[in-house]
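Everything on this sheet refers to the single structure shown next.
Numbering (this note's numbering), first residue to last: 237 to 518.
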C-alpha cells in the first residue's frame, strides 16, 4: 500500500515537471528566432533541471544541480542580456513592419511572435494576471467572435466602482413602485495604471453596462463589461520595469499574426452580479 502511495506521489511530481520541461524545450528554438542565444541556453538548462525522469537517481540530481548552478551564474554574469536581445529584435521587427508591411514577415518571424504571444499569456497566469492571460490565450482558438466569462474581478478597480456607486445613489432616490433601472453604457479607460493594474490590463478600454432589479428591499445589479480583444497596428505596451529599465512589447507584431490568420480577435464579456448593500459600493 505504501509503495502504491509512493508511486502515485512520484507521478504527481513528474506531471508538472514534464509540462514545464516540455515548455522549456519548445522555447529554446523560439529564443533563437528572437536572436537571444543566452535565453535559448537557459531554456535548455531548464529542461535538464525539470526533467521528469530518473528523479530518484544520484546522477540525475548531479545533472540538475549542475544545470541550476550554470543558470544562476549566467543570470549573475549577464543580468540584462536576455531582455536587451529580445527588445533589440523587437525594435528591428517593428521597423520592418513600418518599412515592409506584413509581407516582410517570414515564417520564422511569425513563429517567434506566436511563441511570444503564448509566453505572455502563460506569464500572466504565473504573475497574478489571470484575466488578461485568459483573454490572450483564447485568441489562439477560433470562435464565433464572442466569448463570455463570469467574474467580479473588475470590482477591484475604483474606475469600475465609481459609476456603480453613483448608480446605487440614484437607486435610493427612486420611488418604491420602480422595480427596474438601467445604467447608461459607460466607456472606461486607463490612461495609466495604479493599484488596479490587474483590472486595467484586462479591460482597457471597456464599456460597462448594468441593470438593477429590486429584490426584497435591496437592488440586485447585473453588470456586464465588454472589451474588444484585438491588437492595434502600432502600440508599444509597457510590460514591466526591471532594475530601472522599462520592458515593452510592440503589439503591432501581434497585429501581424492577427491579420495573417494565426490568432483570432473577438469581443469578450465579463459578467457579474453585485447587490446595492455590497461593502464595495459604500
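Cβ coordinates follow ideal geometry from the N, Cα and C atoms, glycine included.
Under a CB-based cut-off of 8 Å, is residue i close to chain B?
i: residue 465; result: Annotation note: the requested chain B is absent from the structure, which comprises a single protein chain.
What is the DSSP secondary structure of residue i, reduced to helix, strand or coil?
i: residue 410; result: coil
i: residue 503; result: strand
i: residue 289; result: coil
i: residue 515; result: helix
i: residue 508; result: strand
i: residue 316; result: coil
If I measure Cβ to Cβ from residue i and keep anything under 6 Å in the same chain, skipping five residues before and after, which residues do I get?
i: residue 270; result: 322, 325 and 348
i: residue 472; result: 484 and 486
i: residue 523; result: This structure gives no information on residue 523, because the portion of the chain shown stretches from 237 to 518.
i: residue 287; result: 257
i: residue 332; result: 340
i: residue 369; result: 357, 360 and 361
i: residue 276; result: 264, 267 and 268
i: residue 421; result: 443 and 445
i: residue 300; result: 285
i: residue 426; result: 436 and 440
i: residue 366; result: none
Can you list, in chain order, the residues of its chain with a C-beta nearer than 7 Å to that of residue i? Leave out the 5 residues immediately preceding and following it.
i: residue 429; result: 436
i: residue 384; result: 505 and 507
i: residue 378; result: 500
i: residue 345; result: 329
i: residue 386; result: 507 and 508
i: residue 474; result: 482 and 484
Let me know if residue i comes out buried or exposed under the rule of 16 or more other beta-carbons within 10 Å of its beta-carbon.
i: residue 248; result: exposed
i: residue 342; result: exposed
i: residue 309; result: exposed
i: residue 328; result: exposed
i: residue 393; result: buried
i: residue 397; result: buried
i: residue 467; result: buried
i: residue 364; result: exposed
i: residue 488; result: buried
i: residue 279; result: buried
i: residue 438; result: buried
i: residue 297; result: exposed
i: residue 281; result: buried
i: residue 318; result: buried
i: residue 382; result: exposed
i: residue 493; result: buried
Compute every distance between the C-beta of residue i and the non-hydrogen atoms of the ligand MG, then say whether any falls below 7 Å.
i: residue 313; result: With respect to the ligand MG, the structure shown offers nothing to examine, as it has no ligands at all.
Among the residues of its own chain, which have a CB less than 8 Å from the CB of residue i, if the five just before and after it don't count?
i: residue 406; result: 417
i: residue 290; result: 296
i: residue 479; result: 315 and 316
i: residue 447; result: 416, 417, 418, 419, 457 and 458
Practice item. At 4 residues or longer, and completely inside the stretch 366 to 393: list those alpha helix (DSSP H) runs for me, N to C. Key: 366 to 374
Check your understanding: Whole beta strand (DSSP E) runs in the stretch 318 to 363 with 3 or more residues, listed along the chain?
Key -> none
Check your understanding: Is there contact between the stretch 364 to 376 and the stretch 491 to 509, where contact requires at least three CB pairs shorter than 8 Å?
Key -> yes
Review point. Which runs of the alpha helix (DSSP H) spanning at least 4 residues fall entirely within the stretch 411 to 472, listed in chain order?
Key: Runs of the alpha helix (DSSP H) lying entirely within the stretch 411 to 472, each at least 4 residues long, are 433 to 439 in chain order.
Practice item. Could you say if the stretch 338 to 358 and the stretch 254 to 269 meet the contact criterion of at least three C-beta pairs nearer than 8 Å? Key: yes
Practice item. Count the CB pairs spanning the stretch 509 to 518 and the stretch 443 to 459 that are closer than 8 Å, and state whether there are at least three. Key: yes
Check your understanding: Quick one: complete alpha helix (DSSP H) runs, 4+ long, within the stretch 243 to 308?
Key -> 273 to 285
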